[in-house]
Amino acid sequence: MTLRTWDDPALSRFDPLPRIICHDDFDRGFCGWTQLVGNYEGTLDAMLPGYAQHLSPMLSTLPNWDIGSHGGFDGTYALKLGTRPRRGAQNVTIKRLTFRKAGPIRLEAYVTFKPEATELRLSEADVRSFGFLFDLQVGDRHGAGGERVMPHLRFLNALDGEHAQRWQFKRRTTPFVAMGTESKTISHYHLSPDDWEDLPGGDQRLCYNEIPTKVNWHYLCFDFDLAAMRCTGFRVNDRTFDMSGYDAIRIPAMKNLWCMLNLAFFVETDVDKRANLYVDGVCLSGDF
Amino acid sequence: MRTSAAAIVARNETWTGAAATEPYEAGWADEAVVFVRALRPAVGRPGRARIELSPDGMRWVREGTEFDLPTGQDEVTFARVDRFGTWLRVAADLPEGASLTVLVTLHLKG
Chain A
148 MTLRTWDDPA
158 LSRFDPLPRI
168 ICHDDFDRGF
178 CGWTQLVGNY
188 EGTLDAMLPG
198 YAQHLSPMLS
208 TLPNWDIGSH
218 GGFDGTYALK
228 LGTRPRRGAQ
238 NVTIKRLTFR
248 KAGPIRLEAY
258 VTFKPEATEL
268 RLSEADVRSF
278 GFLFDLQVGD
288 RHGAGGERVM
298 PHLRFLNALD
308 GEHAQRWQFK
318 RRTTPFVAMG
328 TESKTISHYH
338 LSPDDWEDLP
348 GGDQRLCYNE
358 IPTKVNWHYL
368 CFDFDLAAMR
378 CTGFRVNDRT
388 FDMSGYDAIR
398 IPAMKNLWCM
408 LNLAFFVETD
418 VDKRANLYVD
428 GVCLSGDF
Chain B
1191 MRTSAAAIVA
1201 RNETWTGAAA
1211 TEPYEAGWAD
1221 EAVVFVRALR
1231 PAVGRPGRAR
1241 IELSPDGMRW
1251 VREGTEFDLP
1261 TGQDEVTFAR
1271 VDRFGTWLRV
1281 AADLPEGASL
1291 TVLVTLHLKG
């Protein structure tokens, strides 16, 4: 029987694959979205600085000094992720799963972003970027050649004051660093500011609205095949992007990450002002 | 079932002078317990911390609750807060020459 779209209005705003892995509406709490903490061994001082700056996400009504609460896409709350008020600062929220079948998955979300409204001006070039990533690894019976694969995409809103407005991806991470002396924990900074590449045809002018306290929600949809470990599609609002030139960070499989299915959202600020990303909600689905 | 969450609002940060945690929005919560843990022995006498509220996450006012900052390594101090509105932070003015490396945790229920 075909599901009529009005049978489940909350789900009908998504185009999920047959199996819903998670459908996170932040009126039900954090739904497993937590802070991405950096690795360490023995002491927190070992944590790479890029991760040390991260803080916990919040449940937000998008409250503003001039209009009060903006509210979520639906209901009262959205997931909020904020940076520190320092140029280049970033924050990341993550949900950690494993997969049951190495097949197609689809991430869909509604998101919006704004700088902290500390000035009575548009501030459209204050948020550097927002984006999302997966952290994936093959199953433990994959055999030789198995990979840890980290698809990244960010909307570069602004850089050095230029209102860039284009999607970027990355294929390279930083060298791995041992976190201690036990040879069990290593770290790399895959969200470093370096090595972002423009997605061919990836320019997009997103609705920003006209003052820093008005937001509009954007739809994004990212398709990935866990069998081939390849991206198979990317849509944002009314645009469908050609992903033939896209690839992910690829590194050899690691000894303790089998079947990993992590998904994360991040936000970066381009000025000494907090940047905020809001998510309401997230639907991760699979074909199994 | 009520929502409950633990949030880390400062981790391995060394406070000197005028210090505060990043703003935390938790309008959904009816109550909060704020814990400050010293990750290292304090340098000097760090003094007292205070709870601050805000109408917008940018402008801060004293809530009235104050508590001693910890001084010994792994010592924990705390304060209980309710009816705090939407925004919450912990602030302190450490005397000259004093410093404290902190882990600040909010336990929220609502």
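Chains A and B, in that order, are what the protein sequence lines are. Taken in order, the first sequence gives residues 148 to 435; the numbers are from our numbering. Taken in order, the second sequence gives residues 1191 to 1300; the numbers are from our numbering. Just so it is clear, CB atoms sit at the ideal spot from N, CA and C, and this is done for glycine as well. If you're wondering where the values come from, they're calculated on a predicted model, not measured in any experiment.
Closer than 8 Å, Cβ to Cβ, to anything on chain B: give me those residues from the segment 336 to 349 of chain A, in chain order. none
Are the beta-carbon atoms belonging to Ala1222 (chain B) and Leu1293 (chain B) less than 9 Å from one another? Counted from its first residue, the second sequence places residue 1222 (chain B) at position 32. Counted from its first residue, the second sequence places residue 1293 (chain B) at position 103. Result no, Cβ atoms of Ala1222 (chain B) and Leu1293 (chain B) do not sit closer than 9 Å.
Compile a chain-ordered list of the residues in the segment 316 to 333 of chain A whose CB is closer than 7 Å to at least one CB of chain B. none
For Tyr182 (chain A), return the contacting residues in chain B, with the cut-off set at a CB-CB distance below 7 Å. Start at 1 with the first residue of the first sequence, and residue 182 (chain A) comes out as number 35. One detail in the question is off: residue 182 (chain A) reads as Gln in this sequence, not Tyr. Under the 7 Å cutoff, chain B gives Ile1198.
Since Ser207 (chain A) meets chain B, which of its residues come closer than 7 Å, beta carbon to beta carbon? As a first step, residue 207 (chain A) is located in the first sequence; it is residue number 60 there, counting from the start. Those within 7 Å of Ser207 (chain A) in chain B are Glu1215.
Comparing the CB of Cys368 (chain A) with every heavy atom of the ligand GDP, is any distance shorter than 8 Å? In terms of ligand content, the structure shown is empty, and the ligand GDP therefore cannot be addressed.
Indicate whether the contact test is met: 3 or more Cβ pairs, each with one atom in the segment 189 to 205 of chain A and one in the segment 243 to 256 of chain A, closer than 8 Å. no
Chain A within 9 Å of Leu1229 (chain B), Cβ atoms only: Residue mapping note: residue 1229 (chain B) aligns to position 39 of the second sequence, counting from 1. So yes, Leu1229 (chain B) belongs to the interface.
For a quick check, are the C-beta atoms of Val1226 (chain B) and Gly1287 (chain B) less than 9 Å apart? Position 36 of the second sequence, counting from 1, holds the residue named residue 1226 (chain B). Position 97 of the second sequence, counting from 1, holds the residue named residue 1287 (chain B). Taking 9 Å as the Cβ cut-off, Val1226 (chain B) and Gly1287 (chain B) do not qualify as a contacting pair.
Please confirm whether His299 (chain A) and Ala395 (chain A) have their CB atoms less than 9 Å apart. If you number the first sequence from 1, residue 299 (chain A) lands on position 152. If you number the first sequence from 1, residue 395 (chain A) lands on position 248. Contact: yes.
Residues within the segment 1257 to 1280 of chain B neighbouring chain A, beta-carbon criterion of under 7 Å: Thr1276
Closest by CA to Arg243 (chain A), which one among A:Asn384, A:Thr181, A:Phe277? What you label residue 243 (chain A) is simply residue 96 of the first sequence in a count that begins at 1. Of the listed residues, the one whose Cα sits closest to Arg243 (chain A) is A:Thr181.
Between Phe260 (chain A) and Trp1277 (chain B), what straight-line distance do the alpha-carbon atoms span, to the nearest angstrom? Position 113 of the first sequence, counted from the first residue, corresponds to residue 260 (chain A). Position 87 of the second sequence, counted from the first residue, corresponds to residue 1277 (chain B). Computed Cα separation, rounded: 19 Å.
Taking Glu1242 (chain B) as the reference, give the member of B:Pro1285, B:Trp1218, B:Met1248, B:Ala1281 with the closest Cα. Counting from 1 along the second sequence, the entry for residue 1242 (chain B) is found at position 52. Residue B:Ala1281 is the option with its Cα nearest to Glu1242 (chain B).
With a Cβ-Cβ cutoff of 9 Å, do Ala1228 (chain B) and Glu1253 (chain B) count as a contact? To locate residue 1228 (chain B), count along the second sequence from 1; it is residue 38. To locate residue 1253 (chain B), count along the second sequence from 1; it is residue 63. No, the pair does not count as a contact, with Cβ atoms beyond the cut-off.
Closest residue to Gly278 (chain A) among A:Asp154, A:Phe316, A:Ser270, A:Ala264 (Cα-Cα distance): Translated into the one-based positions of the first sequence, residue 278 (chain A) becomes position 131. Closest by alpha carbon: A:Phe316.
Delimiting residues of the beta strand (DSSP E) encompassing Gly349 (chain A): For the purposes of this step, residue 349 (chain A) is taken as residue 202 along the first sequence, with counting starting at 1. Where Gly349 (chain A) is concerned, the enclosing beta strand (DSSP E) stretches over 343 to 350.
Met326 (chain A) to Phe246 (chain A), Cα distance in whole Å? Taking the first residue of the first sequence as 1, we reach residue 326 (chain A) at position 179. Taking the first residue of the first sequence as 1, we reach residue 246 (chain A) at position 99. So the alpha carbons of these two residues sit roughly 27 Å apart.
Below-9 Å beta-carbon distance, Ala262 (chain A) vs any chain B residue: Reading the first sequence from its first residue, position 115 is the one you call residue 262 (chain A). First, the residue type needs correcting, since residue 262 (chain A) is Pro and not Ala in the sequence shown. Not closer than 9 Å to any Cβ of chain B, the Cβ of Pro262 (chain A) fails to qualify, so no.
Spatial neighbours of Lys361 (chain A) within its chain, please: CB distance less than 7 Å, with the 5 preceding and 5 following residues excluded, ordered by chain position. Taking the first sequence and counting its residues from 1, one reaches residue 361 (chain A) at position 214. Nothing listed; no residue qualifies.
What does Lys227 (chain A) reach in chain B if we use C-beta pairs closer than 9 Å? The residue labelled residue 227 (chain A) in the question sits at position 80 within the first sequence. By Cβ distance, chain B contributes Glu1215.
Neighbour list for Thr1193 (chain B) in chain A, Cβ cutoff strictly below 7 Å: What you label residue 1193 (chain B) is simply residue 3 of the second sequence in a count that begins at 1. Neighbours of Thr1193 (chain B) on chain A, chain order: Gly176.
For Glu1203 (chain B), the nearest candidate out of A:Cys378, A:Val426, A:Pro196 (CA to CA): What you label residue 1203 (chain B) is simply residue 13 of the second sequence in a count that begins at 1. With distances taken between Cα atoms, Glu1203 (chain B) lies closest to A:Pro196.
May I have a chain-ordered list of the beta strand (DSSP E) segments no shorter than 3 residues that lie completely inside the segment 164 to 208 of chain A? 166 to 171, 205 to 207
Minimum Cβ-Cβ distance from Glu1221 (chain B) to chain A less than 9 Å: In the second sequence, the residue the question calls residue 1221 (chain B) occupies position 31. Cβ-Cβ to chain A under 9 Å: no for Glu1221 (chain B).
When you compare the CB of Arg1201 (chain B) with every CB in chain A, is at least one pair closer than 9 Å? Taking the first residue of the second sequence as position 1, residue 1201 (chain B) is located at position 11. With 9 Å as the cut-off, Arg1201 (chain B) counts as an interface residue toward chain A.
Could you tell me if Leu1259 (chain B) is buried or exposed, where buried requires 16 or more neighbouring beta carbons within 10 angstroms of its beta carbon? Position 69 of the second sequence holds residue 1259 (chain B). Under this definition Leu1259 (chain B) is a buried residue.
When the distance is taken between beta carbons, is Leu1290 (chain B) closer than 9 Å to Leu1284 (chain B)? Locating residue 1284 (chain B) in the second sequence gives position 94, counting from the first residue. Locating residue 1290 (chain B) in the second sequence gives position 100, counting from the first residue. Yes, the pair counts as a contact, with Cβ atoms nearer than the cut-off.
Touching by the beta-carbon criterion (3+ pairs, under 8 Å), the segment 262 to 278 of chain A and the segment 369 to 381 of chain A: no
According to the neighbour-count rule (16 or more other Cβ atoms, all chains shown, within 10 Å of its Cβ), is Trp1205 (chain B) buried or exposed? Reading the second sequence from its first residue, position 15 is the one you call residue 1205 (chain B). Buried is the call here.
Rounded to the nearest angstrom, what separates Ala1210 (chain B) and Leu267 (chain A) at their Cα positions? Translated into positions along the second sequence, residue 1210 (chain B) becomes position 20. Translated into positions along the first sequence, residue 267 (chain A) becomes position 120. The straight-line gap from Cα to Cα measures roughly 25 Å.
Span of the beta strand (DSSP E) holding Pro262 (chain A)? Locating residue 262 (chain A) in the first sequence gives position 115, where the first residue counts as 1. Per DSSP, Pro262 (chain A) belongs to the beta strand (DSSP E) from 251 to 262.
Could I get the ranges of all uninterrupted beta strand (DSSP E) runs contained in the segment 380 to 428 of chain A, with 3 residues as the minimum, in chain order? 396 to 399, 407 to 416
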